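Peer 1:
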Amino acid sequence: MAFEADRPTIEKSLAVRLRESGKLDAAAVDRVLRLRAANGEKLESLFVKLGLVSERDVAIELADTLGLDLVAPDEYPDAPVLDGRFNQKFLRHAGILPIAETDAAIVLAMVDPLDAHALRAMEMACGRPVIPRVALASEIEAAHARLYERHEAPLSEITANSEDLSQDDTLSEDVDRLRDLASEGPVIRLVNQLLARAIEARASDIHIEPFQNRLAVRYRIDGLLREVASPPLRLRAALISRIKIMAKLNIAERRLPQDGRIRLAIQGRAFDVRVSTVPTLHGESVVMRLLDRTSIVHDLPSLGFEDDALQKFLHVLDHPQGIVLVTGPTGSGKTTTLYACLHRLNGPERKLFTVEDPIEYQLEGVNQIQVKPQIGLSFGHVLRSILRQDPDIIMVGEMRDLETAQIAVQSALTGHLVLSTLHTNSAAGAVTRLLDMGVEDYLVTSTVNGVMAQRLVRRLCPSCRVPYQVMPELAAQLRLQPRGDGAIVLYAPKGCEHCQGSGYTGRVAIVEVLAISEAIRRLILKRATLQEIHAAAAAEGMHSMYEDGMGKAVAGITSVEEVLRVTRDV
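See the structure below:
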């Protein structure tokens with residue numbers, strides 16, 4: 223039986239399997255083995271705690287190593303097995319849950335099937351042999367909470383406390399007690415599980431939303447929200463308090479919005495988690511944005527730039543002074559594009575500053591400044607100060623007001639290259655937005671080198687996309703360009719295991735680049751409309767976002783439906 227196995231041998235075999243499967247590298251294994259020798263903690267527990275491997279991956283490899291079955295989530299019983307026979311505190315502490323019984327044996331879900339003492343104790347308690355199976359600690363904790371909560375004080379305290387918090391809007395609750403509840407093992411594992419599963423699903427955001435009768439959890443994957451399994455409503459207060467403690471927020475303050483940040487490692491990757499809380503009718507709504515510090519894209523072509531648009535944008539970017547703007551709605555990848563631009567421009571011969579709110583990624587060799595309006599450190603204040611630092615290139619996270627725009631214009635006039643973003647629907651709209659903000663037209667024409675507008679569309683999964691031929695009438699209506707043989711083939715999403723059934727995996731940018739020519743400058747001085755500016759740019763060869771998107775649809779990169787979804791307001 224598993225408890226007769228030699229633990230060091232099993233642990234060594236587990237480490238080898240994780241390394242051979244690509245879950246760990248040799249350096250990580252050596253580091254964990256040294257830590258294991260120093261503190262004596264179980265190896266499989268260290269892998270998960272250090273964020274090197276997911277809990278499920280460790281459980282799968284441990285089960286294979288021992289030749290045992292892994293307990294599936296739907297195999298946990300609806301009612302306690304042999305209720306009253308076992309001490310519940312012992313079961314919880316040992317990470318054990320009886321899940322089935324026969325006349326011959328009891329089937330046990332176990333976090334650690336190598337625990338010989340626990341196995342013998344269970345055999346003595348039930349008077350028959352036991353069959354161990356490997357289980358995830360988080361799933362056993364959730365099953366304990368569901369099956370035995372009426373017997374255990376901690377979970378009943380969580381239930382009572384969450385009810386109190388949902389009905390009381392004062393600050394009279396016992397903050398120390400709430401902090402203790404948020405530090406309970408089940409709550410910690412629940413938060414860790416939410417984060418790990420979000421990363422496995424390639425989510426960019428986690429939304430935790432309390433409603434009257436449920437606590438909803440949704441992941442934003444490739445720009446669209448997808449609801450996932452939700453924790454019990456009774457854990458609302460402890461769950462949100464745990465997140466606030468991790469983000470160093472005030473857990474007693476539930477009447478005002480708060481913002482914080484968590485730094486952690488999951489599956490060997492470093493993440494910054496931006497946390498935002500706002501009070502709602504039924505409790506605090508929490509959004510966590512996951513920023514993978516190791517995955518920032520520094521290459522403009524990999525973002526989705528086609529050759530024509532890329533060359534035009536690089537020509538604009540290579541000006542030694544002036545303003546380059548990137549526009550689009552929230553979540554369209556503007557900041558990622560600016561970071562890619564900074565990476566291209568960064569070098570020992572140039573001094574670069576960024577003014578951001580917030581700083582999303584750290585760039586080597588770039589001086590990055592986080593604005594703090596609450597202490598008077600606004601975009602305008604920071605910009606005025608860094609001009610005395612003799613910068614060559616300045617990135618402004620966003621031109622939010624006339625003051626910021628005016629300082630950016632003055633910086634461009636005095637020989638600096640300024641990169642920034644605006645919230646407009648098109649490239650031509652950025653020009654009219656500056657004029658509407660109060661920037662003089664002659665200053666716009668003197669400083670703005672070019673504008674790029676962009677959106678993000680989902681990439682079709684290459685493993686399951688389905689080709690289909692388009693009727694000529696529809697092709698003409700969509701303004702699709704045929705291939706050399708005159709046929710037009712598009713692709714539709716199907717869904718497979720690789721893309722989790724969505725038919726899409728990842729995103730790519732569709733762009734339009736407006737270079738400020740002499741003809742465009744004359745239109746700006748005449749206060750022309752954005753439609754007139756767009757038409758003039760198109761006459762000079764600018765491809766619109768719609769045209770760029772349809773080109774990617776014909777190439778099989780995305781679908782027509784995706785392009786229409788994101789360009790309907792352009």
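Residues in the sequence shown are numbered from 223 upward in steps of one, following my numbering. Note that CB positions come from ideal geometry on N, CA and C, so glycine has one too. Note that the structure is a prediction, hence the values are computed from the model and not measured.
1. Excluding sequence positions up to five away, which residues of its chain have a Cβ less than 7 Å from the Cβ of residue 484?
2. Would you kindly work out how many angstroms separate the C-alpha atoms of residue 235 and residue 362, rounded to a whole number?
3. Where do the N-terminal and C-terminal ends of the alpha helix (DSSP H) with residue 628 fall, by residue?
4. Short of 8 Å in beta carbon distance, which residues of its chain neighbour residue 522, apart from the five on each side in sequence? Order them along the chain.
5. In angstroms with no decimal places, state the Cα-to-Cα distance between residue 762 and residue 736.
6. Given a cut-off of 7 Å on the beta-carbon distance, is the pair residue 679 and residue 784 in contact?
7. Using only the alpha-carbon positions, how far apart do residue 572 and residue 510 sit?
8. So, is residue 549 buried or exposed, given that buried needs 16 or more other C-beta atoms within 10 angstroms?
9. Report the partner residues of residue 427 according to the DSSP bridge assignment.
10. Cα-Cα, which of 246, 769, 712 and 425 is closest to residue 493?
11. Kindly indicate which residue of 456, 454 and 503 has the alpha-carbon position closest to the one of residue 477.
12. Using only the alpha-carbon positions, how far apart do residue 442 and residue 360 sit?
13. Note down, in chain order, each residue of its chain lying with its Cβ closer than 7 Å to the Cβ of residue 352, except the 5 sequence neighbours on either side.
14. Relative to the alpha-carbon of residue 240, which residue among 256, 324, 281 and 411 has its alpha-carbon at the smallest distance?
15. Among 630, 772, 463 and 629, which residue has its Cα nearest to the Cα of residue 681?
16. How many angstroms separate the CA atom of residue 628 from the CA atom of residue 676?
17. Tell me the start and end of each unbroken alpha helix (DSSP H) in the stretch 593 to 618 that is at least 4 residues and wholly inside, in chain order.
18. Under a Cβ-count criterion, where at least 16 other Cβ atoms within 10 Å of its own Cβ denotes burial, should residue 339 be classed as buried or exposed?
19. On a Cα-Cα basis, can you pick out the residue from 453, 370 and 636 that is closest to residue 299?
20. Excluding the 5 residues preceding and the 5 following residue 791 in the sequence, name in chain order all residues of the same chain whose CB lies nearer than 8 Å to its CB.
21. For residue 638 and residue 614, which I take to be in contact (beta-carbon distance under 8 Å), what is that distance rounded to the nearest angstrom?
22. With DSSP run on the structure shown, which of helix, strand or coil describes residue 468?
23. For the alpha helix (DSSP H) that contains residue 666, what are its first and last residues?
24. Skipping 5 residues on each side, what residues in its chain have a beta carbon closer than 7 Å to that of residue 745?
25. Return helix, strand or coil for residue 354, following the three-state DSSP convention.
26. Report the three-state DSSP secondary structure of residue 675 (helix, strand or coil).
27. So, using beta-carbon positions, are residue 488 and residue 670 closer together than 7 Å?
28. Comparing alpha-carbon positions, which option in 597, 633, 636 and 645 lies nearest residue 620?
29. Please state whether DSSP places residue 813 in a helix, a strand or coil.
30. Go through its chain and collect everything with a Cβ distance to residue 382's Cβ below 7 Å, but skip five positions before and after it.
31. With residue 368 as the anchor, note down where its alpha helix (DSSP H) starts and where it stops.
32. Return the first residue and the last residue of the alpha helix (DSSP H) that residue 710 is part of.
33. Based on Cα-Cα distance, which residue from 301, 453, 295 and 776 lies nearest to residue 414?
Peer 2: Taking the geometry as given:
1. As a position in the sequence shown, residue 484 is number 262, starting the count at 1. Only 468, 469, 495 and 497 meet the Cβ criterion.
2. Numbered from its first residue, the sequence shown carries residue 235 at position 13. Numbered from its first residue, the sequence shown carries residue 362 at position 140. Cα to Cα, residue 235 sits roughly 25 Å from residue 362.
3. Counting from one through the sequence shown, the residue named residue 628 turns up at place 406. Run containing residue 628: 624 to 635, per the alpha helix (DSSP H) assignment.
4. Your numbering for residue 522 matches position 300 in the sequence shown. Correct list, in chain order: 532, 535, 536, 559, 562, 563 and 566.
5. Here residue 762 corresponds to residue number 540 of the sequence shown, with the count starting at 1. Here residue 736 corresponds to residue number 514 of the sequence shown, with the count starting at 1. Approximately 9 Å between the Cα atoms of the pair.
6. Translated into the one-based positions of the sequence shown, residue 679 becomes position 457. Translated into the one-based positions of the sequence shown, residue 784 becomes position 562. Against a cut-off of 7 Å, the Cβ pair of residue 784 and residue 679 comes out as a contact.
7. The residue you call residue 572 lines up with position 350 of the sequence shown. The residue you call residue 510 lines up with position 288 of the sequence shown. If I take the Cα positions, the gap works out to 35 Å.
8. Residue mapping note: residue 549 aligns to position 327 of the sequence shown, counting from 1. Residue 549 is buried by the Cβ-count criterion.
9. Along the sequence shown, one-based indexing puts residue 427 at 205. DSSP, once it has assigned bridges, lists 442 and 511 as partnering residue 427.
10. For the purposes of this step, residue 493 is taken as the residue at position 271 of the sequence shown. Among 246, 769, 712 and 425, the Cα nearest to that of residue 493 is on 425.
11. Against the sequence shown, residue 477 aligns to sequence position 255. Nearest of 456, 454 and 503 to residue 477, Cα basis: 503.
12. Indexing the sequence shown from 1 puts residue 442 at position 220. Indexing the sequence shown from 1 puts residue 360 at position 138. Answer to the nearest angstrom: the Cα atoms are 23 Å apart.
13. Looking up residue 352 in the sequence shown gives position 130. The answer, listed in chain order, is 327, 328, 330, 341, 344 and 345.
14. Walking along the sequence shown from the start, residue 240 turns up at place 18. The shortest Cα separation from residue 240 among 256, 324, 281 and 411 belongs to 281.
15. Within the sequence shown, residue 681 is the residue found at index 459, counting from 1. Nearest of 630, 772, 463 and 629 to residue 681, Cα basis: 772.
16. Start at 1 with the first residue of the sequence shown, and residue 628 comes out as number 406. Start at 1 with the first residue of the sequence shown, and residue 676 comes out as number 454. Rounded to the nearest angstrom, the two C-alpha atoms are 24 Å apart.
17. 601 to 608
18. Residue mapping note: residue 339 aligns to position 117 of the sequence shown, counting from 1. So residue 339 counts as exposed.
19. Your numbering for residue 299 matches position 77 in the sequence shown. Residue 299 has its Cα closest to that of 370, out of 453, 370 and 636.
20. Sequence index remark: in the sequence shown, residue 791 carries index 569 (1-based). Cβ within range, chain order: 647.
21. By one-based count along the sequence shown, residue 638 stands at place 416. By one-based count along the sequence shown, residue 614 stands at place 392. That pair is a contact at about 7 Å.
22. Working through the sequence shown from its first residue, we reach residue 468 at position 246. The answer is helix: DSSP assigns residue 468 an H, G or I state.
23. Within the sequence shown, residue 666 is the residue found at index 444, counting from 1. From DSSP, the alpha helix (DSSP H) with residue 666 extends over 663 to 669.
24. One-based indexing of the sequence shown puts residue 745 at position 523. For residue 745, where only same-chain residues beyond five positions count, the Cβ hits under 7 Å are 754, 755 and 758.
25. On the sequence shown, residue 354 is found 132 positions in, with the first residue counted as 1. Of the three classes helix, strand and coil, the one that applies to residue 354 here is strand, per DSSP.
26. For the purposes of this step, residue 675 is identified with residue 453 of the sequence shown, where counting begins at 1. Correct three-state label for residue 675: strand.
27. Here residue 488 refers to the residue found at position 266 when the sequence shown is read from its first residue. Here residue 670 refers to the residue found at position 448 when the sequence shown is read from its first residue. No; because the gap between Cβ atoms is not below 7 Å, this pair is not in contact.
28. Along the sequence shown, one-based indexing puts residue 620 at 398. Considering only alpha carbons, the answer is 645.
29. Because the chain spans 223 through 792 in this model, residue 813 falls outside it and cannot be assessed.
30. Walking along the sequence shown from the start, residue 382 turns up at place 160. Residue confidence for residue 382 is low, a pLDDT of 35 falling below 50, so the modelled location carries little weight and cannot support an answer.
31. Taking the first residue of the sequence shown as position 1, residue 368 is located at position 146. Counting along the chain, the alpha helix (DSSP H) containing residue 368 begins and ends at 359 to 370.
32. As a position in the sequence shown, residue 710 is number 488, starting the count at 1. Where residue 710 is concerned, there is no enclosing alpha helix (DSSP H), given that its DSSP letter is neither H nor E.
33. Translated into the one-based positions of the sequence shown, residue 414 becomes position 192. Nearest option by C-alpha distance: 453.
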